[in-house]
Amino acid sequence: MDYKREYKAPKSYCNLSFDEPILNWDEGIPLGNGLTGCLIWGDGSPLNFSLDRGDLWDKRPASETLRDDFNYKKLIELVENRDQQGIRDLFDNCYNKPTPTKIPAGKLILDYGKANNIRSQLNIENAVADICIVKEGETSTIKSFIHAAKKIGLMTISNYEMVKELKIVAPRFGVKSDKLDDHGYKNEDELHKSIRYLVYPKKEFHEEDNLRWFVQKTAEELDYGIILGQKVIGDNLYIVYSIGSSIDGQDWLEDHKNNIREALESGFNTMLIDHINWWKKFWEKSSITLYDKELEKMWYLTNYLFGACSRKNAPPMPLQGVWTADNGELPPWKGDYHNDLNTQLSYLHYLKANHIEEGESFLDFLWDLVPEGQEFAKEFFDADGLCLPAVMTIDGKPLGGWPMYSLNLTNQIWLCQFFQRHWEYTGDDEFLENKAYPYLRETARCMLRWLKPGKDGKLYLPLSSSPEIHDDEIEAWLTPNSNYDLSLLRYLFSTLCTMAEVLGYEEKSIWKEKLELLPELAVNDNNVLMLSPDESLNESHRHHSHAMAIYPLDLLNYNLGGRDKEIIDSTIEDLEKLGKGLWVGFSFTWMSKFYSRKGNGEGAAFQLQLFWENLCSKNGFHLNGDYKSRGLTNWHYRPFTLESNMCATDSIQEMLLQTFDRVIRVFPAIPYEWKKNGTSFKDFRGMKGILISSSIKDDRLEYIHLKAHKQGEYTVQNKFDSELIIIKRKDNIEKVNCKVGMNFIVDLRAHEECTITAK
Numbered sequence: 007m008d009y010k011r012e013y014k015a016p017k018s019y020c021n022l023s024f025d026e027p028i029l030n031w032d033e034g035i036p037l038g039n040g041l042t043g044c045l046i047w048g049d050g051s052p053l054n055f056s057l058d059r060g061d062l063w064d065k066r067p068a069s070e071t072l073r074d075d076f077n078y079k080k081l082i083e084l085v086e087n088r089d090q091q092g093i094r095d096l097f098d099n100c101y102n103k104p105t106p107t108k109i110p111a112g113k114l115i116l117d118y119g120k121a122n123n124i125r126s127q128l129n130i131e132n133a134v135a136d137i138c139i140v141k142e143g144e145t146s147t148i149k150s151f152i153h154a155a156k157k158i159g160l161m162t163i164s165n166y167e168m169v170k171e172l173k174i175v176a177p178r179f180g181v182k183s184d185k186l187d188d189h190g191y192k193n194e195d196e197l198h199k200s201i202r203y204l205v206y207p208k209k210e211f212h213e214e215d216n217l218r219w220f221v222q223k224t225a226e227e228l229d230y231g232i233i234l235g236q237k238v239i240g241d242n243l244y245i246v247y248s249i250g251s252s253i254d255g256q257d258w259l260e261d262h263k264n265n266i267r268e269a270l271e272s273g274f275n276t277m278l279i280d281h282i283n284w285w286k287k288f289w290e291k292s293s294i295t296l297y298d299k300e301l302e303k304m305w306y307l308t309n310y311l312f313g314a315c316s317r318k319n320a321p322p323m324p325l326q327g328v329w330t331a332d333n334g335e336l337p338p339w340k341g342d343y344h345n346d347l348n349t350q351l352s353y354l355h356y357l358k359a360n361h362i363e364e365g366e367s368f369l370d371f372l373w374d375l376v377p378e379g380q381e382f383a384k385e386f387f388d389a390d391g392l393c394l395p396a397v398m399t400i401d402g403k404p405l406g407g408w409p410m411y412s413l414n415l416t417n418q419i420w421l422c423q424f425f426q427r428h429w430e431y432t433g434d435d436e437f438l439e440n441k442a443y444p445y446l447r448e449t450a451r452c453m454l455r456w457l458k459p460g461k462d463g464k465l466y467l468p469l470s471s472s473p474e475i476h477d478d479e480i481e482a483w484l485t486p487n488s489n490y491d492l493s494l495l496r497y498l499f500s501t502l503c504t505m506a507e508v509l510g511y512e513e514k515s516i517w518k519e520k521l522e523l524l525p526e527l528a529v530n531d532n533n534v535l536m537l538s539p540d541e542s543l544n545e546s547h548r549h550h551s552h553a554m555a556i557y558p559l560d561l562l563n564y565n566l567g568g569r570d571k572e573i574i575d576s577t578i579e580d581l582e583k584l585g586k587g588l589w590v591g592f593s594f595t596w597m598s599k600f601y602s603r604k605g606n607g608e609g610a611a612f613q614l615q616l617f618w619e620n621l622c623s624k625n626g627f628h629l630n631g632d633y634k635s636r637g638l639t640n641w642h643y644r645p646f647t648l649e650s651n652m653c654a655t656d657s658i659q660e661m662l663l664q665t666f667d668r669v670i671r672v673f674p675a676i677p678y679e680w681k682k683n684g685t686s687f688k689d690f691r692g693m694k695g696i697l698i699s700s701s702i703k704d705d706r707l708e709y710i711h712l713k714a715h716k717q718g719e720y721t722v723q724n725k726f727d728s729e730l731i732i733i734k735r736k737d738n739i740e741k742v743n744c745k746v747g748m749n750f751i752v753d754l755r756a757h758e759e760c761t762i763t764a765k
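Heads up: take any position in the sequence shown, counting from 1, add 6, and you land on this note's numbering.
Here is the structure:
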């Protein structure tokens with residue numbers, strides 16, 4: 007069977023469909039364009055359009071982060087003195103104050119009164135929501151979307167006379183006359199305090215012709231507002247809205263009003279055409295067909311969420327993307343940028359899914375924050391080079407929190423991986439020279455400030471930890487070097503060696519020397535990766551940080567066999583013994599990656615099924631805990647974050663294709679039923695930018711299709727059931743003999759395609 011290039015839109019079963027009212031904001035229908043987000047939910051009395059904008063932040067720093075002794079040197083001193091209360095007072099309690107924080111925008115409400123029936127659907131192919139409201143024998147329909155390329159949302163309402171009220175609702179922030187206790191929160195359990203703790207000037211509402219809006223001044227320079235315009239066209243009410251902000255420029259309000267007027271004049275259907283065309287191009291980038299239709303739906307729906315909340319020239323996803331909580335509280339974890347796992351997992355899948363431009367939002371964000379990272383390295387770590395806070399605001403400032411990870415030195419290295427991965431998956435050597443290598447080099451300079459020889463001559467950090475291990479207790483300061491820190495350090499210097507060699511830089515010898523001075527990973531007598539040189543994981547834990555070397559850093563390679571295979575097998579077996587009792591959503595998706603790395607498709611799929619069926623909302627949002635109380639884990643809360651959705655999607659891709667060691671392996675970890683009943687993927691991206699497609703059915707590999715971005719040799723594992731490989735190019739056919747399970751080479755010119763089959 008030969009490969010055929012064709013556009014595969016998401017199937018209808020991948021859409022969201024609700025036959026009853028949506029009663030929780032975190033189950034709402036999600037719309038977005040990377041900057042603006044909307045959640046549609048409610049029982050008609052009212053129907054809520056909860057709005058968000060990705061760059062709305064109250065960035066007022068907590069006073070502790072401004073102190074002269076808010077620095078690494080002071081942290082080392084407090085840890086050496088085992089002064090836990092001192093650590094909390096200076097570095098942790100500041101996180102429990104209202105600011106800095108992401109803030110919600112407000113919402114639109116349509117009040118129909120209590121409806122008899124509400125049906126809702128989101129068509130993810132064109133990113134349009136349809137709501138049907140039935141009341142006392144009458145029907146009103148609403149079609150709504152956030153324009154893919156413009157800063158506006160639109161809706162058209164039939165039988166609009168049924169709407170009792172249409173209004174803009176601003177968030178209920180505190181005002182100066184409220185005399186609120188504004189000092190902060192008492193403890194972490196109260197982290198999601200009312201937004202009334204954000205005390206701002208009173209908001210102003212205005213009307214002009216067919217427009218209305220409010221303006222909310224905040225405690226800083228930020229002003230913002232929701233602007234709404236409406237127009238009756240035939241039997242329908244046409245509504246256009248936007249979230250404007252002083253970030254958009256001095257004349258932001260007038261500019262947004264003019265945009266709305268233009269959209270009202272153009273008409274709903276005209277605006278819809280450009281919107282649909284954007285999403286069509288998005289879905290053309292890659293596709294899959296799985297035997298497991300629920301996991302196929304998860305892949306498509308999560309890619310939709312990604313396209314809706316991550317765009318070039320817009321802020322990257324924080325914890326909740328463009329869907330900040332609409333419950334009168336600050337968003338979970340203040341909607342910040344958590345660089346100990348959350349941002350990293352959120353941007354794992356985009357390269358292989360071939361959504362390069364959308365994923366560059368995060369990469370551009372990190373590059374733009376280089377000056378901030380240099381300042382933080384100097385001010386906090388007393389170091390040259392570059393390091394961002396591991397828990398930070400949109401402008402790269404520290405929020406504090408458990409300093410074992412919020413102010414951990416090596417989390418910066420995990421951010422480095424996105425520069426390395428982007429280079430590897432695009433083959434862009436100019437990017438390597440001008441951005442990737444300099445970013446990693448500057449990060450290494452910061453690390454070297456604190457790496458000092460121990461008694462054995464090896465390099466050690468003064469403080470070491472593993473994210474969230476032992477929470478914020480004094481025991482969380484592990485004996486240096488933790489496997490988490492060590493894995494990241496080994497990754498950094500080995501990657502710099504590779505990059506320097508490609509670039510022909512003599513600095514390779516420096517990085518090679520530093521790599522050789524690092525200790526080996528700590529492994530116990532059972533061949534299990536440890537937390538640190540003198541401590542093993544002895545209970546279930548949510549963060550698999552000690553096993554970073556397996557994934558995502560790929561320092562251990564199962565395909566090599568021997569010691570690497572032994573350690574991976576033993577570590578996974580140990581995690582199985584410890585159980586899932588203290589896991590959260592990302593624990594399952596990360597575990598799925600471990601199974602994929604060892605070729606266990608049944609295990610990889612099962613972890614994802616547990617995640618999808620038990621830890622996700624009706625709209626697909628990851629809710630972190632076993633909120634249905636099914637006994638899966640001990641966590642029963644439901645704070646919404648996106649990183650696990652994206653990680654799960656990447657795990658599916660790792661089941662279908664692996665190229666991490668520059669060998670193309672198709673279907674390396676899929677269940678037998680998938681092989682038997684048919685599974686395929688189209689235009690997944692591999693190393694050097696090559697696009698790969700493949701199909702398997704009746705337990706037989708049908709074809710592999712390659713399209714090279716740049717000239718080179720590409721190594722492919724023979725997964726066919728024949729030793730005679732046929733490589734069909736446009737102008738010739740090549741036959742290659744290769745044993746099953748071994749590798750063969752395909753030489754391609756830039757932009758050349760070939761289809762590989764077997765006799």
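C-beta atoms are modelled at their ideal positions from N, C-alpha and C, and glycine is treated no differently.
Identify the continuous alpha helix (DSSP H) that holds residue i and give its terminal residues.
{"i": "Thr815", "result": "With the chain represented from 7 up to 765, any question about residue 815 goes unanswered, as that position is not in the structure."}
{"i": "Thr595", "result": "Gly591 to Arg603"}
{"i": "Ser331", "result": "With the sequence shown as reference, residue 331 is identified as Ala, and Ser is not the correct amino acid for it. No alpha helix (DSSP H) contains Ala331, which DSSP labels as neither H nor E."}
{"i": "Gly313", "result": "Lys299 to Cys315"}
{"i": "Leu421", "result": "Asn417 to Thr432"}
{"i": "Cys452", "result": "Tyr443 to Trp456"}
{"i": "Ser576", "result": "Gly568 to Leu584"}
{"i": "Ser493", "result": "Asn489 to Leu509"}
I'd like the span of the beta strand (DSSP E) that includes residue i, first residue to last.
{"i": "Val134", "result": "Val134 to Lys141"}
{"i": "Thr42", "result": "Thr42 to Gly48"}
{"i": "Ser164", "result": "Gly159 to Ser164"}
{"i": "Phe617", "result": "No beta strand (DSSP E) holds Phe617; the alpha helix (DSSP H) holding it covers Gly607 to Asn620."}
{"i": "Tyr709", "result": "Arg706 to Lys713"}
Let me know if residue i comes out buried or exposed under the rule of 16 or more other beta-carbons within 10 Å of its beta-carbon.
{"i": "Pro6", "result": "No statement about residue 6 is possible, as the shown extent of the chain runs from 7 to 765 and does not include it."}
{"i": "Asn193", "result": "Caution is warranted here: a pLDDT of 45 is assigned to Asn193, below 50, making its placement in the model unreliable, and no coordinate value can be reported."}
{"i": "Phe24", "result": "buried"}
{"i": "Ile139", "result": "buried"}
{"i": "Ser515", "result": "exposed"}
{"i": "Leu581", "result": "buried"}
{"i": "Lys108", "result": "buried"}
{"i": "Tyr709", "result": "buried"}
{"i": "Thr449", "result": "buried"}
{"i": "Leu495", "result": "buried"}
{"i": "Lys688", "result": "buried"}
{"i": "Leu22", "result": "buried"}
{"i": "Ser602", "result": "buried"}
{"i": "Arg447", "result": "buried"}
Could you check which residue in the options has the C-alpha nearest to that of residue i?
{"i": "Asn283", "options": "Ala15, Ser602, Ser699 and Cys622", "result": "Ala15"}
{"i": "Lys624", "options": "Glu12, Tyr19, Cys20 and Gly34", "result": "Gly34"}
{"i": "Tyr564", "options": "Met398, Cys100, Asn606 and Met693", "result": "Asn606"}
{"i": "Leu638", "options": "Ser546, Gly112 and Leu234", "result": "Ser546"}
{"i": "Gln423", "options": "His212, Lys103, Glu142 and Leu559", "result": "Leu559"}
{"i": "Leu697", "options": "Phe726, Asp370 and His757", "result": "His757"}
{"i": "Ala675", "options": "Glu608, Gln723, Ile82 and Ile245", "result": "Glu608"}
{"i": "Val205", "options": "Tyr466, Ile266, Leu336 and Tyr166", "result": "Leu336"}
{"i": "Trp219", "options": "Gln256, Ile731 and Val175", "result": "Val175"}
Could you give the C-beta distance for residue i and residue j, rounded to a whole number, given that I count them as a contact under 8 Å?
{"i": "Asn533", "j": "Ser576", "result": "4 Å"}
{"i": "Leu712", "j": "Leu754", "result": "7 Å"}
{"i": "Leu566", "j": "Ala555", "result": "In fact, because the Cβ distance is near 13 Å, the residues do not count as touching under 8 Å."}
{"i": "Lys65", "j": "Lys403", "result": "7 Å"}
Q | Segment contact, 8 Å Cβ cut-off, at least three pairs: the region 649-662 with the region 305-316 | A | yes
(Q) Check whether the region 414-421 and the region 117-131 are in contact - that is, three or more C-beta pairs closer than 8 Å. (A) no
Q: Could you tell me whether the region 56-71 touches the region 320-340, where touching means 3 or more Cβ pairs closer than 8 Å?
A: yes
(Q) Across the region 664-672 and the region 630-647, are there enough close Cβ pairs to call them in contact, namely three or more that are closer than 8 Å? (A) no
**Q.** Any 3 or more C-beta pairs closer than 8 Å across the region 519-529 and the region 456-465
**A.** yes
Q.
For the region 504-511 against the region 470-484, do three or more pairs of beta-carbon atoms, one drawn from each stretch, fall closer than 8 Å, so that the two count as touching?
A. no
Q | Cβ contact (3+ pairs, closer than 8 Å) linking the region 366-381 and the region 67-79 | A | no
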